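**Q** One structure, pasted below without further comment.
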Amino acid sequence: MPTASTINPTRKGTLYRGREGMWAWVAHRVTGVLVFFFLFTHVLDTALVRVSPDAYNAVMDHYKTPFVNLMEIGLIAAVLYHALNGIRVMLVDFWSQGTRYQRQMLYGMMVLFVALMIPTTYYGMRETVLELLGSV
6 MPTASTINPT
16 RKGTLYRGRE
26 GMWAWVAHRV
36 TGVLVFFFLF
46 THVLDTALVR
56 VSPDAYNAVM
66 DHYKTPFVNL
76 MEIGLIAAVL
86 YHALNGIRVM
96 LVDFWSQGTR
106 YQRQMLYGMM
116 VLFVALMIPT
126 TYYGMRETVL
136 ELLGSV
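Adding 5 to a residue's 1-based position in the sequence shown gives its number in this note's numbering.
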C-alpha cells in the first residue's frame with residue numbers, strides 16, 4: 006500500500022493534512038454535542054418545576070453565579086459557531102463554487118463570529134464583572 010510520502014514525496018505524514026477544514030469539522034461536531042447537552046439539561050431543569058417548585062427555585066438560584074454566566078457566554082459561542090459553520094457547510098454542499106471558496110468562507114465566518122462575540126461577551130458579562138468588582 007502506498008504511503009503519503011510515496012504518492013507525493015514532498016508531503017510528509019498522512020494523506021489528510023489536517024488544515025483549517027479539519028478543525029472546522031471537529032469544532033462543528035464539538036459545538037453540536039455541547040448544544041445537545043445544554044438542551045437536555047434545559048429540559049430536565051424546566052421539568053423540575055412540575056415536580057418541586059422549591060427545588061426548581063433552588064436550581065435557578067445556582068444559575069445566577071458568575072461561573073454559570075461564563076458558561077452562558079460559552080453556550081452562545083457554541084450556538085453561533087455551529088450556526089455560522091452550518092451555513093458555510095450548506096454553501097459548500099449546494100453552491101457550485103462552494104468547494105473552491107470553502108477556505109475563504111471559513112475565514113469570513115470566523116471574522117463574523119468574532120465580530121458578533123465581542124459585543125455579546127461585553128454585554129453578557131458586564132453585570133457579572135461589575136458585581137464581582139463591587140461597582141453594582
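Glycine included, every Cβ here is placed at the ideal spot set by N, Cα and C. All values reported here derive from a predicted model rather than from experimental measurement.
Determine the direct distance from the alpha carbon of His87 to that of Gly26, and round the result to whole angstroms.
**A** Cα to Cα, Gly26 sits roughly 14 Å from His87.
**Q** What's the gap between the Cα of Glu77 and the Cα of Arg24?
**A** Between Glu77 and Arg24, the C-alpha separation is close to 29 Å.
**Q** Determine the DSSP secondary structure at Thr125, reduced to helix, strand or coil.
**A** Of the three classes helix, strand and coil, the one that applies to Thr125 here is helix, per DSSP.
**Q** Out of Tyr68, Ala83, Trp28 and Val73, point me to the one whose CA is closest to Val40's CA.
**A** Closest by alpha carbon: Ala83.
**Q** So, Ala29 versus Asn74, is the Cβ gap smaller than 8 Å?
**A** No, they are not a contact pair.
**Q** So Pro71 and Thr126 are in contact, right, with Cβ under 8 Å, and what is the actual spacing, rounded?
**A** Actually they do not touch by this definition, with Cβ atoms about 14 Å apart.
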